[in-house]
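Chains A and B supply the protein sequences, listed in that same order. Note that the UniProt record's numbering has the first sequence beginning at 1, numbered continuously upward. Note that the UniProt record's numbering has the second sequence beginning at 1, numbered continuously upward. All C-beta atoms in this analysis are idealised placements derived from N, C-alpha and C, irrespective of residue type, glycine included. Notes follow the structure.
Protein chains: 2
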Amino acid sequence: MEKVREIVREGRRVGKEDPRRVVHAFKVGLALALVSSFYYYQPLYDNFGVNAMWAVMTVVVVFEFSVGATLGKGINRAVATLVAGGLGIGAHHLASLSGPTVEPILLAIFVFVQAALSTFVRFFPRVKARYDYGILIFILTFSLISVSGFREDEILDLAHKRLSTVIMGGVSCVLISIFVCPVWAGQDLHSLLASNSDTLSHFLQEFGDEYFEATEDVDMKEVEKRRRNLERYKSVLNSKSNEEALANFAKWELRHGQFRFRHPWTHYLSLAALLRQCAYRIDALNSYINSDFQVPVDIKKKLEEPLRRMCSESGKSIKEVSIALKKMTKSSSSDIHVLNSQSACKALSTLLKSGILNDVEPLQMISLLTTVSLLIDVVDLTEKISESFNELASAARFENKIKPTVSFNKSDSVSIARGKPVKSQDNDDHVVTILSDVGTSNNVDQSRGESSVESCHHVAIKIDGDDDSIHEKHEDAEIHVHTSCGDQANASEVLNSNNK
Amino acid sequence: MEKVREIVREGRRVGKEDPRRVVHAFKVGLALALVSSFYYYQPLYDNFGVNAMWAVMTVVVVFEFSVGATLGKGINRAVATLVAGGLGIGAHHLASLSGPTVEPILLAIFVFVQAALSTFVRFFPRVKARYDYGILIFILTFSLISVSGFREDEILDLAHKRLSTVIMGGVSCVLISIFVCPVWAGQDLHSLLASNSDTLSHFLQEFGDEYFEATEDVDMKEVEKRRRNLERYKSVLNSKSNEEALANFAKWELRHGQFRFRHPWTHYLSLAALLRQCAYRIDALNSYINSDFQVPVDIKKKLEEPLRRMCSESGKSIKEVSIALKKMTKSSSSDIHVLNSQSACKALSTLLKSGILNDVEPLQMISLLTTVSLLIDVVDLTEKISESFNELASAARFENKIKPTVSFNKSDSVSIARGKPVKSQDNDDHVVTILSDVGTSNNVDQSRGESSVESCHHVAIKIDGDDDSIHEKHEDAEIHVHTSCGDQANASEVLNSNNK
Numbered sequence: 001m002e003k004v005r006e007i008v009r010e011g012r013r014v015g016k017e018d019p020r021r022v023v024h025a026f027k028v029g030l031a032l033a034l035v036s037s038f039y040y041y042q043p044l045y046d047n048f049g050v051n052a053m054w055a056v057m058t059v060v061v062v063f064e065f066s067v068g069a070t071l072g073k074g075i076n077r078a079v080a081t082l083v084a085g086g087l088g089i090g091a092h093h094l095a096s097l098s099g100p101t102v103e104p105i106l107l108a109i110f111v112f113v114q115a116a117l118s119t120f121v122r123f124f125p126r127v128k129a130r131y132d133y134g135i136l137i138f139i140l141t142f143s144l145i146s147v148s149g150f151r152e153d154e155i156l157d158l159a160h161k162r163l164s165t166v167i168m169g170g171v172s173c174v175l176i177s178i179f180v181c182p183v184w185a186g187q188d189l190h191s192l193l194a195s196n197s198d199t200l201s202h203f204l205q206e207f208g209d210e211y212f213e214a215t216e217d218v219d220m221k222e223v224e225k226r227r228r229n230l231e232r233y234k235s236v237l238n239s240k241s242n243e244e245a246l247a248n249f250a251k252w253e254l255r256h257g258q259f260r261f262r263h264p265w266t267h268y269l270s271l272a273a274l275l276r277q278c279a280y281r282i283d284a285l286n287s288y289i290n291s292d293f294q295v296p297v298d299i300k301k302k303l304e305e306p307l308r309r310m311c312s313e314s315g316k317s318i319k320e321v322s323i324a325l326k327k328m329t330k331s332s333s334s335d336i337h338v339l340n341s342q343s344a345c346k347a348l349s350t351l352l353k354s355g356i357l358n359d360v361e362p363l364q365m366i367s368l369l370t371t372v373s374l375l376i377d378v379v380d381l382t383e384k385i386s387e388s389f390n391e392l393a394s395a396a397r398f399e400n401k402i403k404p405t406v407s408f409n410k411s412d413s414v415s416i417a418r419g420k421p422v423k424s425q426d427n428d429d430h431v432v433t434i435l436s437d438v439g440t441s442n443n444v445d446q447s448r449g450e451s452s453v454e455s456c457h458h459v460a461i462k463i464d465g466d467d468d469s470i471h472e473k474h475e476d477a478e479i480h481v482h483t484s485c486g487d488q489a490n491a492s493e494v495l496n497s498n499n500k
Numbered sequence: 001m002e003k004v005r006e007i008v009r010e011g012r013r014v015g016k017e018d019p020r021r022v023v024h025a026f027k028v029g030l031a032l033a034l035v036s037s038f039y040y041y042q043p044l045y046d047n048f049g050v051n052a053m054w055a056v057m058t059v060v061v062v063f064e065f066s067v068g069a070t071l072g073k074g075i076n077r078a079v080a081t082l083v084a085g086g087l088g089i090g091a092h093h094l095a096s097l098s099g100p101t102v103e104p105i106l107l108a109i110f111v112f113v114q115a116a117l118s119t120f121v122r123f124f125p126r127v128k129a130r131y132d133y134g135i136l137i138f139i140l141t142f143s144l145i146s147v148s149g150f151r152e153d154e155i156l157d158l159a160h161k162r163l164s165t166v167i168m169g170g171v172s173c174v175l176i177s178i179f180v181c182p183v184w185a186g187q188d189l190h191s192l193l194a195s196n197s198d199t200l201s202h203f204l205q206e207f208g209d210e211y212f213e214a215t216e217d218v219d220m221k222e223v224e225k226r227r228r229n230l231e232r233y234k235s236v237l238n239s240k241s242n243e244e245a246l247a248n249f250a251k252w253e254l255r256h257g258q259f260r261f262r263h264p265w266t267h268y269l270s271l272a273a274l275l276r277q278c279a280y281r282i283d284a285l286n287s288y289i290n291s292d293f294q295v296p297v298d299i300k301k302k303l304e305e306p307l308r309r310m311c312s313e314s315g316k317s318i319k320e321v322s323i324a325l326k327k328m329t330k331s332s333s334s335d336i337h338v339l340n341s342q343s344a345c346k347a348l349s350t351l352l353k354s355g356i357l358n359d360v361e362p363l364q365m366i367s368l369l370t371t372v373s374l375l376i377d378v379v380d381l382t383e384k385i386s387e388s389f390n391e392l393a394s395a396a397r398f399e400n401k402i403k404p405t406v407s408f409n410k411s412d413s414v415s416i417a418r419g420k421p422v423k424s425q426d427n428d429d430h431v432v433t434i435l436s437d438v439g440t441s442n443n444v445d446q447s448r449g450e451s452s453v454e455s456c457h458h459v460a461i462k463i464d465g466d467d468d469s470i471h472e473k474h475e476d477a478e479i480h481v482h483t484s485c486g487d488q489a490n491a492s493e494v495l496n497s498n499n500k
């Protein structure tokens, strides 16, 4: 009884984790019930007879969770059945010419050679990744067809029926998986990367507070919850095999949503690899938040300003990447944050050169300087992540995020909002980006909540992406609908509707 | 033509990487050729007819690279076919009672419910790991048997024949995979761990030289080769999924070699996880060997002695683990090296407290102190690795490495070798280990090569495993058949044979 209850609980957990699993189970049931009508429906049964079982078998084996996996297996199976069927008939014909005593020996040799060769080919990494199942079916069909003790005309009939039932089974799988609540592996990979980068940026944005604030928090539950929230990044550490499988399936998928047939999935994998490297650094950073080997707060404080800026700016940059990925637009402000984090790096090095730590014991510095070094790594990786995303965005032909040039007349209750992006190119080393937005916060605040509106202003000028980059930042602007929230367009729509 | 040549080259590479792959391909060919005799051999064909194809199908699908994987799939398939066959006949019987109009509807419902439920169960992590294939076969067999439009006595006959051919196919796979050049997943996992720890220890033992020696080496090729040799550790970083799969297969395997049926494979996974963590640290260390941000040699030199000792001693400890794993014995000298590395840690901290780095710029210290911090991590991990290995060794009932107490009379050309281990317990916190070995090197040298004989002597006393451990090391001993080479017994055998 306890056992049953436990299974039900586990089932509920599994279903809650991804409700599409329940839907998938129903889809498989539907496909099987449909295909088994080959047996009940007399005209079909008259035609195919026992061969109807190949349709059932195909559905059971081919129907996978995502469209890509199903398509991949279905195509593998159909092509392999076709080719192996042809070769099998050929082998059978060849053997039958040789007379009844030699025939079985010849057939056994054919089967042996074919099976040994194909099995060996399955070890080729490129074959294993995409065509493993196809080769398996090839061995199976060839052996079955070539050795089956039938006469040749029977075999042709057999092969024809088998192929058509396999194709019918495969087609019903593919149709159901595409048209009933489809699960696209490509979409999954895309969302996985967006959420992974979001998780990392969350950690980096919170790291400053966690590291520099006194740990004597009163509410242990609150601390526990925040800590758990921070440690979500751990799922990124082991995401490699999952990402590779998804990219593999995604390559089979047709155009869906905003994804083309030849969407640059390999670019996703390189971005994913960089995010994972960043996650490793974050894992190390995390161990310093609450290590036994605490650095005295007054020493930490000396480096607080640049360190906080380094992690918050690289966090913002990765956040930008996450948002742009989610919206499938190009991102320019990600680069700006990278520049900001690099300038914080420089400020840090100036600070260190000034001898601010000269009277600190080296032993106490170990942990602090390791944190510094990890954050420098993170800033480097952030730049690479931003670059890798830009490559991905242009390979995937993401839209340019065109900022709206809106300007309306002031009425008594409604204020002005102006956005004037002066932007030359997006994916070039020579980028001149001047964002200058004017608006009033009140109305926007009320309609959209505070989060998207911040009172800050960026003027970032980057001339050629080398180290001599000039970088300026003004904090004196009026009110700025902050671009890092990624949807000025939305904001001005809201303003527009307020205007009406 | 170029394409064909490339395929041949790839084939040669794949075969060279693991020659067992070629053997496996031949084994599959053999099994298939054998099973297809069901068709040629008249008495068998008379008995099973078309059902013989289930034997072929079973062989193609079940025969895997390792014994464990084959056994797992075979057992899954046999049990699932049996259970699903029984239930399928039951469902068919139930439906046939309800009259010809309701029957197909009822059958379709059975198939739907069964498929949906089973498909959902496949998402349970524990089921997915071990019984995924079984459930697949369950869905398949149930559907095929329950909907097949035969009369019931025919069905019983069908189910019986299908089950027997499946079992025959499965048994031939299992027999061939066990008796023809078997590939044991357990043995593979065992060797993988031994070689992984060996790789890590190699890096740690070489790290000192790489880090402290001037990088202006003349022979670039030599440097390149050494560097490539060092970076073998990279394979450890991504070994997780491979290790988990092997452990999973190993659980199905029978007693083989020195592995019992219920060998503690989960212990292997925890040891593997620690080794991987260590590899991450090593990856970080590696980036500091040749980073752009070089620390001046004179500053490095100040910390050279304890740092070198830390990494070489932890390297030796992991080497001990690797050797003991390979020989399946318990290891005591691994703990000694852990103690040595910890004492080096303390020496380092004393050195840092003494203010040796006080006049060094903090900026230059970042890289140095990060290296220090990583090495401290490595020393911590080494202790955990040693502990985890000890747990594994006692769970797997590895032999105690009993040091032989040999003593012979001195003759003119032959010298004395004496080994007196005074050792109380092996897996306890309270360990008192005194190794004291006396012998002459000359004869041993000639017969066994220099590597196993070193002129050093350990007296390590550890009283209760806490931080106050007393630790002494004498370098003044006579000649010592070094225990880290793990086979004093062999050495004394050699001496023995020299005596005769």
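A residue is called buried once 16 or more other Cβ atoms fall within 10 Å of its Cβ, and His160/B, having fewer, is exposed. Only buried fits Tyr268/B, as 16 or more other CB atoms lie within 10 angstroms of its CB. In the DSSP assignment, Thr329/A forms a beta bridge with Glu399/A. Contact between the segment 47 to 67 of chain A and the segment 117 to 126 of chain A is absent: fewer than 3 CB-CB pairs across the two stretches fall below 8 Å. For the set Ser322/B, Leu339/B, Tyr288/B, the Cα lying nearest the Cα of Glu313/B is the one of Leu339/B.
Against Met365/B, the close residues of chain A are Pro362, Met365, Leu369, in the order they occur along the chain (beta-carbon pairs closer than 8 Å). Under DSSP, His93/A shares a beta bridge with no residue.
Look at the segment 135 to 172 of chain B and you find no whole run of alpha helix (DSSP H) that is 4 residues long or longer. Contact residues of the segment 260 to 272 of chain B toward chain A are absent (C-beta to C-beta distance below 7 Å).
Taking C-beta separations shorter than 6 Å and ignoring five residues to either side along the sequence, the partners of Ser331/B in its chain run Glu320, Ala324, following chain order. Counting the other CB atoms within 10 Å of its CB gives Leu97/A a total below 16, which places it among the exposed residues. His190/A carries a helical assignment under DSSP once its states are collapsed to helix, strand and coil. Here Lys300/A is actually not in contact with Val180/A; their C-beta atoms are around 56 Å apart, not less than 8 Å. Phe203/A sits close to Gly315/A, with the two beta carbons spaced by under 9 Å. Counted as a single uninterrupted DSSP element, the alpha helix (DSSP H) harbouring Gln114/A occupies residues 102 to 121. Flagged as an interface residue toward chain B: Glu10/A, by a C-beta distance shorter than 9 Å.
Taking the Cα of Gly170/A as reference, the smallest distance to any Cα among Ile366/A, Trp54/A, Leu254/A is reached at Trp54/A. If you draw a straight line from the Cα of Val8/A to the Cα of Arg162/A, it comes to about 40 Å. Residue pairing of Phe48/B in beta bridges, as defined by DSSP: absent, with no partner found.
Within chain B, Tyr40 have C-beta atoms less than 7 Å from the C-beta of Pro104/A, given in sequence order. Taken through DSSP and simplified to helix, strand or coil, His337/A comes out as helix. What Tyr280/B touches in chain A, judged by beta-carbon distance under 7 Å, is Tyr280, going in chain order. Cβ proximity to chain A below 8 Å picks out Leu136, Ile139, Leu140, Ser143, Leu144, Val147, Ser148, Gly149 from the segment 128 to 150 of chain B. Contact between the segment 85 to 92 of chain B and the segment 131 to 145 of chain B is established, with three or more Cβ pairs separated by less than 8 Å. DSSP places Gly11/B inside the alpha helix (DSSP H), whose first and last residues are 2 to 17. Counting other Cβ atoms within 10 Å of its Cβ, Ile155/B reaches 16 or more and is therefore classed as buried. Among the CB atoms of chain A, none fall inside 9 Å of the CB of Ile155/B. Within chain B, no residue has its beta carbon less than 9 Å from that of Phe203/A; the closest one is some 18 Å off. Taken atom to atom, the span from the alpha-carbon of Gln42/A to that of Ala31/B is near 39 Å. Boundaries of the alpha helix (DSSP H) around Tyr39/B: 37 to 40.
A distance below 9 Å separates the beta carbons of Gly134/B and Ala80/B. Counting along the chain, Ser235/B sits inside the alpha helix (DSSP H) bounded by residues 234 to 237. Closest in C-alpha terms to Phe249/B, from the list Ser270/B, Glu213/B, Asp188/B, Leu275/B, comes Asp188/B.
In the three-state reduction of the DSSP assignment, Phe63/A falls in the coil class.
The contact set of Phe123/B on chain A, defined by CB atoms closer than 7 Å, consists of Val14, Arg21 in chain order. In the DSSP assignment, Arg226/B falls within the unbroken alpha helix (DSSP H) covering 220 to 230.
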